[in-house]
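> Residue numbers (the working numbering): 1 to 431. Ideal Cβ placement from N, Cα and C applies to all residues, glycine included. Computed from a predicted model, the values in this text were never measured in an experiment. First, the structure itself, so that you have it in front of you.
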Ligand SMILES: NC(=O)c1ccc[n+]([C@@H]2O[C@H](COP(=O)([O-])OP(=O)(O)OC[C@H]3O[C@@H](n4cnc5c(N)ncnc54)[C@H](OP(=O)(O)O)[C@@H]3O)[C@@H](O)[C@H]2O)c1
């Protein structure tokens, strides 16, 4: 057996402690698979005395993770601190500059600084592996980079945030409001006290930017991801979605279009005939469509100590095997800077819900606006009647350009009989 692969780990939180546990519990199995023992030599975190449920005996402790990246007796530095810059970025840069391989689970860092780091890794002739940064335990980075390498990828989309999927599932199954489910998820520790990264779609956007780069050979462009979160999704819309044969999911989706690279994260109506509509709870799922292979779908846990550590350790094994693929699928210098496809050019059918005062002429006013914008209505549901309260009118709209839909909705919002901001949810075409 070859010399041990020496590993230093920066960050011993959920993922760091989980990684130590996998390396310890599966030492024999991993050595056999890697062709060499995987040996942790050094670790770093903020608090040396914190109980992490794993033994740190025999590891050299560093208070400063950047010093560890430079000085530890290690072939691989594993960055599990988090954050788009700060110590996480400094650790990766120092490690590559010192000629060490890097493994990271950090989507924020990769979404913002991934292209520069991939370039640095190439220049240093070292690996920069980030499987755990996208959809946790699902090996989608490897799938796009290697297993699907024969294909031109036509589209990649998926459920990329487990917290949002959990909230939407709970709302539908338990008939609870968004605020109620979020509140409970925070109390149980499933959602952060500051939930914006999850519920506003930012976390999913970071992962999508990485998937898009891998799929299309484009430079990572996180700023170019159009993002809407799930705060505005109501139980009423979830019920109407079911009735119409859809399920509401927060999807991230990327593809090349005639206008440039489309990268979008938004809640949308997914036809229940597609398997992804049935990915429930905290699971993630990614569909990658290749021109030769067709549709492929990957589903599993996108977060948590075990699934994330599983991906981190797989990246370490690749390094021990001396198996190296370009970080983003092609040489960093060859990544293309693609223009962003504007959301106004999106074309698709829409679900629109209006809350209106129930009086004569309301529907005529609404349909006149849609007629002016050349947007046509496929069907309409207006069931409830009330002389005192606003009632919902649900419109299923034929395919149209988003810019026209937005113009129509801003005019409809000004009608006297429309008492709330209109709700618009895109009906996602997945065929
Ligand atoms: N948690 C998940 O399910 C998951 C899933 C996929 C990807 N990730 C990614 O994995 C990374 C780690 O996430 P996590 O959930 O494990 O985070 P976490 O539990 O908050 O752990 C962060 C660790 O970094 C250490 N740390 C913070 N600042 C440091 C500094 N200046 N110097 C040295 N150590 C420092 C902390 O030390 P102390 O423990 O002493 O405070 C802690 O051990 C993030 O990039 C995250 O996005 C996480």
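Where do the ends of the alpha helix (DSSP H) carrying residue 87 lie?
86-97
> Helix, strand or coil for residue 285 per DSSP?
The answer is strand: DSSP assigns residue 285 an E or B state.
> Starting from the Cα of residue 56, find the closest Cα among 63, 70 and 40 and give me that residue.
40
> So, residue 169 versus residue 201, is the Cβ gap smaller than 8 Å?
No, the Cβ-Cβ distance between residue 169 and residue 201 is not below 8 Å.
> Ligand 1 and residue 133: does the residue's C-beta get closer than 7 Å to at least one heavy atom of that ligand?
yes
> In the DSSP output, what is residue 267 paired with across the bridge?
250
> With contact counted as at least three CB pairs below 8 Å, one residue from each stretch, are the segment 113-121 and the segment 45-55 in contact?
no
> Specify whether the segment 74-87 and the segment 99-113 touch according to this definition: at least 3 beta carbon pairs, one from each stretch, less than 8 Å apart.
The segment 74-87, when compared against the segment 99-113, does touch it at the 8 Å Cβ threshold.
> What separation, rounded to the nearest whole angstrom, lies between the Cα atoms of residue 145 and residue 121?
Each residue's CA atom was taken as its position, placing residue 145 and residue 121 some 16 Å apart.
> Looking only at C-alpha atoms, which of 393, 250 and 272 sits nearest to residue 359?
393
> So is the beta-carbon of residue 16 under 7 Å away from any non-hydrogen atom of ligand 1?
Remark: the C-beta of residue 16 is in contact range of ligand 1, defined as less than 7 Å to any heavy atom.
> Alpha carbons only, please: which of 364, 345 and 111 is nearest the one belonging to residue 258?
345
> Specify, as a first and last residue, the run of the beta strand (DSSP E) that residue 295 falls within.
294-301
> Taking 8 Å as the cut-off, decide whether the C-beta atoms of residue 396 and residue 251 are in contact.
no
> With a threshold of 7 Å, establish whether the CB of residue 308 neighbours any heavy atom of ligand 1.
yes
> For residue 62, write down the residues that DSSP places opposite it in a beta bridge.
44
> Under 8 Å between the Cβ atoms of residue 354 and residue 412?
yes
> Going by the beta-carbon positions, is the gap between residue 217 and residue 341 smaller than 8 Å?
no
> Tell me the rounded alpha-carbon separation between residue 92 and residue 322.
Cα to Cα, residue 92 sits roughly 19 Å from residue 322.
> How is residue 162 classed by DSSP in three states: helix, strand or coil?
helix
> Give a single yes or no on whether residue 396 has its beta carbon closer than 7 Å to a heavy atom of ligand 1.
No, the beta carbon of residue 396 sits no closer than 7 Å to any heavy atom of ligand 1.
> Taking Cβ to Cβ, would you say residue 356 is nearer than 8 Å to residue 279?
no
> Counting C-beta neighbours from all protein chains within 10 Å, is the total for residue 163 16 or more, i.e. buried, or is it exposed?
buried
> For the candidate residues 292, 236, 424 and 421, whose alpha-carbon lies nearest to that of residue 149?
292
> Which residues in the same chain as residue 365 place their Cβ atom closer than 6 Å to its Cβ, once the five residues preceding and following it in sequence are excluded?
415
> Under a three-way DSSP split, which group does residue 423 fall into?
strand
> With contact counted as at least three CB pairs below 8 Å, one residue from each stretch, are the segment 177-188 and the segment 211-225 in contact?
no
> Taking only heavy atoms of ligand 1 into account, decide whether any of them is closer than 7 Å to the Cβ of residue 44.
Under cutoff, so the answer is yes.
> Could you check which residue in 376, 387, 131 and 7 has the C-alpha nearest to that of residue 327?
131
> At which residues does the beta strand (DSSP E) containing residue 396 begin and terminate?
391-401
> From residue 110 to residue 133, what distance separates their C-alpha atoms?
Residue 110 and residue 133: Cα-Cα distance of roughly 8 Å.
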